[in-house]
Amino acid sequence: MIIDCHGHYTTEPPEHHAFRKAQIEFAEGKREASPDYPSIDDETLRATIEQNQLRLQSERGSDLTILSPRASGMGHHVGSAAVNAEWSRISNDLVARIVGLFPRNFAGVCQLPQSMSGDLAPVLAELERCVLELGFVGCNLNPDPSGGFWSAPPIYDRYWYPLFEKMIDLGVPAMIHVSGACSACLHTTGAHYINADTTVFMQLVQGDLFRDFPELKLIIPHGGGAAPYHWGRYRGLAMMLEKPDLAAHLMRNVWFDTCVYHQAGIDTLFRVAGPDNILFGSELLGAVKAVDPLTGFNFDDTRRYIDALALSEAERAAVFEGNARMVYPRLDTRLKAQGR
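Given below as structure tokens:
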């Protein structure tokens, strides 16, 4: 079985986007009344998936995608806590409907209603609702709700502890994932995403988060940002900060995905991190929707890069399935209930 740990619902119906535009206008005082969310029938939703994510699953040979709302659309820097709570609830409910329509192809991961207010109460409530009521298996955690200005405390700060306690209580991991950048200096997918992955990895090096939360599981996407490709730098910095070696300090609790869109990058990722700390992911349907003229295949067709590696059968099984079932225990339970 091949589990793609990193998918976003990026093919939403236009009515969904129109509501968000009106919601933001209301939040900014450009509209008198708060908009009502439109009725979107199942056939409309089915078409958005069958022609896109489901088709690519079949063409590229994966079985299940862990699906969350569009990352760049979370917009935590845009609205108030109340607006973001409403938007997160609507976005998560839409993903839940997709999972309900295609239960063997998708499992849900939730957007958290983070905001510039920093109030975690609605975040904890929505996480609990999504896991216990909607059957979601994890969450996406934005370490920078300001959209590029890094106004939030570092990931090891006690500010985040209530969320980590709730995650452990519910038995779910978090994928570290920022939203859109609101700075012209930061391209959202080409700079802001990779910067955030790298920044959080260094924050984890600086702190002692997993000493306090040995059961916490975090996925750093996009191949771990710059971390695997500058491993010596981070090992050396850990020594200078009088921290344990990275293997003991972080890598019992941190995993990287394979959203690295060329073979040399994947080769390096596997040599440095090793198969035990890697989850297969493609970012379906995501950041780079172009065909590589050097190969004739889409850049984000990441299974091809894994297939080209000299992995043992056990290593291949871990990357494609076993690691995901371990990191996402609620997914494992769900798959077993389906006889898989």
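First residue of the sequence shown: 879, per the numbering used here; consecutive thereafter. A virtual CB, placed ideally from N, CA and C, is assigned to each residue, including glycine. Since this is a predicted model, take the numbers as computed values, not measurements.
query, result
"Report all residues from its chain with a CB closer than 6 Å to the CB of T1180; omit the five preceding and five following residues, and keep chain order.", "T1136, S1160"
"Can you find the residues in the same chain that come closer than 7 Å, C-beta to C-beta, to E1199, ignoring five residues on each side of it along the sequence?", "M879, I880, I881"
"Count the other CB atoms within 10 Å of the CB of L1119; is the residue buried (16 or more) or exposed (fewer)?", "exposed"
"For D920, I'd like the list of residues in its chain whose CB is within less than 8 Å of its CB, leaving aside the five on either flank, ordered along the chain.", "R975, L979"
"Between V956, D941, E1011, which has its C-alpha nearest D971's C-alpha?", "E1011"
"Along the chain, where does the alpha helix (DSSP H) that runs through L1048 open and close?", "1039-1048"
"If you measure between the beta carbons of N1018 and M994, is that distance less than 7 Å?", "no"
"State the CB to CB distance for the pair R909 and A900, rounded to an integer number of angstroms; the pair is presumed to be in contact (CB under 8 Å).", "6 Å"
"Report the residue ranges of all alpha helix (DSSP H) runs contained in full by the segment 1171-1204; include only those spanning at least 4 residues, in chain order.", "1181-1185, 1191-1195"
"Apart from the five residues on each side of it in sequence, which residues of its chain come closer than 7 Å, Cβ to Cβ, to L1002?", "P1040, L1041, K1044"
"Output needed for P1023: all residues of its chain with C-beta closer than 7 Å, excluding positions within five of it in sequence on either side, in chain order.", "H954, H955, Q992, S993, M994, A1030"
"Rounded to a whole number of angstroms, what is the C-alpha to C-alpha distance between P1153 and C988?", "26 Å"
"Looking at V1009: is its Cβ nearer than 7 Å to the Cβ of L1048?", "yes"
"Along the chain, where does the beta strand (DSSP E) containing M1053 start, and where does it finish?", "1052-1054"
"Can you tell me whether DSSP reads F1027 as helix, strand or coil?", "coil"
"DSSP beta-bridge partners for P871?", "Outside the displayed span of the chain (879 to 1218) sits residue 871, for which this structure offers no information."
"Is the beta carbon of T943 closer than 7 Å to that of L1128?", "no"
"Taking P1051 and G1016 to be in contact with their CB atoms under 8 Å, please state how far apart those CB atoms are, rounded to whole angstroms.", "5 Å"
"On a Cα-Cα basis, can you pick out the residue from L1124, V1083, T1076, I1046 that is closest to P1092?", "I1046"
"G1164 and F1134 - do their beta-carbons sit closer together than 7 Å?", "no"
"Between the Cα of G1068 and those of A1116, F1079, A1104, spot the shortest distance and give me the residue it belongs to.", "A1104"
"Please report how far the alpha carbon of A963 lies from the alpha carbon of A1059, in whole angstroms.", "20 Å"
"Out of L1189, P1171, D1075, P1032, which one is the CA nearest neighbour of H1108?", "D1075"
"Using the Cα positions of Q931 and M1117, report the straight-line distance between them to the nearest angstrom.", "44 Å"
"How would you label T926, buried or exposed, when you count the other beta carbons within 10 angstroms and need 16 or more for buried?", "buried"
"Give the range of the beta strand (DSSP E) segment to which G858 is assigned.", "Examination of residue 858 is not possible in this model, given that the chain is present from 879 through 1218 alone."
"If we define contact as Cβ-Cβ less than 7 Å, is V1132 a contact residue for chain C?", "Absent from the structure: chain C. Only one protein chain is present."
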